[in-house]
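Let me begin by presenting the structure, written as structure tokens, before commenting on it.
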Amino acid sequence: LASNPAALVALFGHRARRFALRLEERFSAEQAQGKSFDEALNKVHVLAYKTSDVHCAYVLARNFHAAVEDFIKDPAAKASVRLLEELVLWQLIREQGADWAEMLDYEAQDWILERISALCDAVRPDCVGLVDALGYSDKTLKSTLGRHDGNVYEAIYGQAQKVPLNTPGAVMVGWEHFREVLDLDFLREGMRTQRTDTQSPSTFVAASQAAPGAAARL
């Protein structure tokens, strides 16, 4: 099954068919006992939900594979997206391995984990290119990590500076309640070991301003 997405799609199709047949059998059995359509459906609603779920997974796998094969013309791009396709499908199979218990034993499950790890290594060099190919702007993504320019650490630091609690002079709201449940000895020891000068950290100063006497208690 390695490097064979079409075979994985067939696995998804087999599972979807198996659950659909099981649902039909259970539903018919309930109706045979004299239950109405709605009553029979209510009796099998858990299985019906599962059947719907696996059918959607099959449609996703089938359409993903068809799109890769029919619409990507560049050989290098197709090879890269095929790896991504296989990675996605194996991950879905791993997450719901019990559905394939009759054909995937413990050794197969271990092999799947190894295959996923190998595919992650294979896909990683193309991750940035695959994401950029979608053409999403930073404004659309609204993601500090998903920046087009790659300046992730600078962006994270900039976002942290905008957090109200990190603003100089900020007041820690609710200190009078927190101090009743916090391990103050642990906090005091942590502040002592992390302090680099004789001045208290700004958050500690803010806390003492919010609740007079808090600094003394620490």
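Counted from 1, the sequence shown has number 184 at position 184 by full-length UniProt numbering; the numbering is strictly sequential.
Using N, Cα and C, we set each Cβ at its ideal position, and we do this for glycine too.
- Remark: C-beta atoms of residue 123 and residue 84 approach each other more closely than 8 Å.
- A distance below 7 Å between beta-carbons, with the five flanking residues on each side excluded, links residue 126 to the following residues of its chain, in chain order: 80.
- Pairing residue 184 with residue 162, the inter-Cα distance amounts to about 28 Å.
- The beta carbon of residue 144 sits closer than 6 Å to those of 155, 156, 159, all from its chain and outside the five residues before and after it, given in chain order.
- With fewer than 16 neighbouring CB atoms inside 10 Å of its own CB, residue 121 falls in the exposed class.
- Inclusion of residue 164 and residue 82 in the CB contact set at 8 Å is not warranted, their separation being larger than that value.
- Within the model, the alpha-carbon separation for residue 26 versus residue 138 is close to 50 Å.
- For residue 94, same chain residues with a beta-carbon under 8 Å away, outside a window of 5 residues either side, are 109, 112, 113, 116 in chain order.
- For residue 156, the enclosing alpha helix (DSSP H) stretches over residues 152 to 162.
- Less than 8 Å separates the beta-carbon of residue 92 from that of residue 57.
- Boundaries for residue 133: no alpha helix (DSSP H) harbours it, and the DSSP string shows neither H nor E there.
- Under the three-pair Cβ rule at 8 Å, the stretch 4 to 19 counts as touching the stretch 38 to 57.
- If you look at residue 80, you'll find it in the alpha helix (DSSP H) that goes 75 to 95.
- For residue 141, the enclosing alpha helix (DSSP H) begins and ends at 138 to 141.
- Inter-residue distance for residue 78 and residue 67 is about 10 Å (C-alpha atoms, whole angstroms).
- In the structure shown, residue 177 falls within a helical segment according to DSSP collapsed to helix, strand and coil.
- About 17 Å separates the beta carbon of residue 90 from that of residue 130, a gap too long to meet the 8 Å contact definition.
- Check the Cα spacing between residue 48 and each of 73, 20, 33, 37: the tightest is with 20.
- With fewer than 16 neighbouring CB atoms inside 10 Å of its own CB, residue 193 falls in the exposed class.
- In chain order, 54, 55, 58 place their CB closer than 7 Å to the CB of residue 16, counting only its own chain and leaving out the 5 sequence neighbours on each side.
- The DSSP-derived three-state label of residue 39 is helix.
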